[in-house]
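Following: one structure in structure tokens, then a few remarks.
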Amino acid sequence: MAHPRERGAKGERIAEEYLAQRGWKVLDRNFRDGPRELDLVAWRSGVLAFVEVKSRGGTLWGDPLEAITYRKRRELETAARAWLRRHSEAAEEVRFDAVTVVWDRRGIPSVVHVPDAWRPGGP
Numbered sequence: 011m012a013h014p015r016e017r018g019a020k021g022e023r024i025a026e027e028y029l030a031q032r033g034w035k036v037l038d039r040n041f042r043d044g045p046r047e048l049d050l051v052a053w054r055s056g057v058l059a060f061v062e063v064k065s066r067g068g069t070l071w072g073d074p075l076e077a078i079t080y081r082k083r084r085e086l087e088t089a090a091r092a093w094l095r096r097h098s099e100a101a102e103e104v105r106f107d108a109v110t111v112v113w114d115r116r117g118i119p120s121v122v123h124v125p126d127a128w129r130p131g132g133p
């Protein structure tokens with residue numbers, strides 16, 4: 011699983027399973043708005059979460075959350091607005107979450123869910 015694209019797709023599947031086991035219903039996967047993409051759109055108990063998934067083969071290059079830069083967050087926020095224009099889900103809360111999937115040397119993934127990872131327009 012050396013190819014980053016393969017690792018990313020597998021990480022998204024693992025993140026989806028992780029969220030589903032915790033009561034989240036995935037409404038959309040890999041939603042595209044032009045060049046922008048939302049990895050997962052999930053719903054649970056009145057909360058609509060746009061979930062960015064970051065997968066890594068280790069932490070040698072830092073924490074995967076560091077890859078969600080200011081620019082990336084703005085792109086995700088734009089894509090989320092496009093998703094909301096096309097869907098009618100009424101949510102009490104809309105937020106941006108992150109899920110990291112990091113494999114150890116034995117190939118065992120570690121999953122971390124960061125609810126409300128950032129606020130729109132924030133740093």
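Taking the numbering used here, the leading residue of the sequence shown gets 11, the next gets one more, and so forth.
Heads up, the beta-carbon is just placed ideally off N, CA and C, and yes, glycines get one too.
May I ask you to list the residues that DSSP assigns as paired with residue i?
| i | result |
| --- | --- |
| Leu48 | Phe41 |
| Ser65 | Val111 |
| Arg54 | Val57 |
| Lys35 | Trp53 |
How should residue i be labelled, buried or exposed, when 16 other C-beta atoms within 10 angstroms of its C-beta is the threshold for buried?
| i | result |
| --- | --- |
| Lys35 | exposed |
| Arg83 | buried |
| Val109 | buried |
| Val61 | buried |
| Glu99 | exposed |
| Glu26 | buried |
| Asp107 | buried |
Looking at C-alpha atoms only, which residue of the options is the closest neighbour of residue i?
| i | options | result |
| --- | --- | --- |
| His97 | Asp38, Ala19 and Glu16 | Asp38 |
| Ala59 | Gly131, His123 and Thr79 | His123 |
| Gly131 | Glu102, Glu87, Pro125 and Glu47 | Glu87 |
| Arg65 | Glu47, Glu85, Glu16 and Ala127 | For the sequence presented, residue 65 should be read as Ser rather than Arg. The candidate whose alpha carbon is nearest that of Ser65 is Glu16. |
| Phe90 | Ile24, Gly18, Glu22 and Arg105 | The question names Phe, but residue 90 is Ala in the sequence shown. Checked all of Ile24, Gly18, Glu22 and Arg105; the closest Cα to Ala90 is Arg105. |
| Arg23 | Arg42, Gly56, Val63 and Thr79 | Val63 |
| Asp43 | Trp93, Glu103 and Trp113 | Trp93 |
For the alpha helix (DSSP H) holding residue i, just list the boundary residues, first then last.
| i | result |
| --- | --- |
| Thr88 | Tyr80 to Arg96 |
What residue does the beta strand (DSSP E) around residue i start on, and which one ends it?
| i | result |
| --- | --- |
| Pro74 | Segment: none, Pro74 is in no beta strand (DSSP E) and carries neither H nor E. |
| Ser120 | Pro119 to Trp128 |
| Ala108 | Glu103 to Trp113 |
**OP:** Report yes or no: do the region 66-75 and the region 29-38 share at least 3 C-beta pairs separated by less than 8 Å?
**Re:** no
Original post:
Does the pairing of the region 46-57 with the region 111-120 give three or more beta-carbon distances under 8 Å?
Top reply: no
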